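For my numbering, count along the sequence shown from 1 and bump the result up by 936.
From the three backbone atoms N, C-alpha and C, an ideal C-beta is built for every residue, glycine too.
Predicted, not measured: the structure shown is a model, and the values here were computed from it.
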Amino acid sequence: MSAKIIDGTKISAEIRCELKEEVAGLKAQGVVPGLVVVLVGDDPASAVYVRNKGKACIDIGMASETITLPASTTEADVVDLVKKLNADPRWHGILVQLPLPKQIDESKIINAIDPAKDVDAFHPFNVGKILIGEPIFMPCTPFGVQELLTRSGNDPEGKHVVICGRSNIVGKPLAAMLVQKRKGANATVTIVHTRTKDMASYTRQADILVAAAGSPRMIKADMVREGVVVIDVGTNRVDDPTHPKGWRLVGDVDFDAVKEKASAITPVPGGVGPMTITMLLKNTVKAAKMRSEGR
């Protein structure tokens, strides 16, 4: 029997409906949640992501602005801009789109963002708060994974979650989130990565397998057990001459084979992807609430 599809597009839409109501409530109090995005350079993928973020803000009634800077912009100029945005009361959330041009140290830009406006949850202060179980904001993609699990009836509590990948954006923060003693967590977590010996011996133990390694179709059917829940974070472009664009997106999981063994699985596209922007909106609305309450 094929796996149940965990529909990220549908779950994302449900959350956005909830957020739209929250935004309306804040507006009634004179508070308009606002997200400002800084885009440096002309990376096509980044430009698409930024447009989608702006549209999503408008759809739920938030204020949004994108500041576009040339690829030649200096690190000092970006830091100065971030400091100005920190002080601008219109913006509750600040997002500097990554990657940045090579002359700019990403860590210096992230560190310049006010942690109370760091809706990506990349600032070391927010990373530390996540680790000790006192988060202000959750990083968007891991937060989306957690919401997909709980809202699809696959609560990680008491489960063995195996995460493939140790990035600062997904693998490590997700592990920190899922081991916490709190709702939507309480899992036993194992991280495997490129230096793990016999990775399949770990992935076959998973009740929940999260693939976030950035390697197309690396998780094969013989690497998972019957009944596993699979969350595929991967977004990889592969050549496909049969597709109008000449390419298509695939995940880190061999979807067609693995879905015959899994009990539930996310597709690519339409799984984790839609959730990431939605969690960014959720964090920005939370930031607006916190400021309105004087926190």
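The count of Cβ pairs closer than 8 Å, one atom from the region 975-986 and one from the region 1004-1013, reaches three, so the stretches are in contact. Contact between V1063 and V1098 does not hold, since their C-beta atoms are separated by about 22 Å, which reaches or exceeds 8 Å.
Fewer than three pairs of CB atoms, one per stretch, sit closer than 8 Å, so the region 1064-1071 makes no contact with the region 1199-1206. In the displayed model, L1216 falls within a helix according to three-state DSSP. The beta carbon of V1115 sits closer than 7 Å to those of A1121, A1123 and V1125, all from its chain and outside the five residues before and after it, given in chain order.
Assignment of beta-bridge partners to G1029 by DSSP yields L971. One Cα belongs to K1019, the other to R987, and the distance between them is close to 23 Å. About 5 Å separates the Cβ atoms of M1211 and S948, confirming a contact at the 8 Å cut-off. In this structure, the straight-line span from the alpha carbon of L1017 to that of C1076 is close to 23 Å.
Only residues of its own chain outside the window of five on either side were considered, and among them E1011 and V1015 have a CB closer than 8 Å to the CB of K1044, listed in chain order. Rounded to the nearest angstrom, the gap between the Cα atoms of S1008 and R1102 is 31 Å. Between I1155 and V1166, the gap from beta carbon to beta carbon is short of 9 Å. Contact annotation: V1160 and V1194 have beta-carbon atoms nearer than 9 Å.
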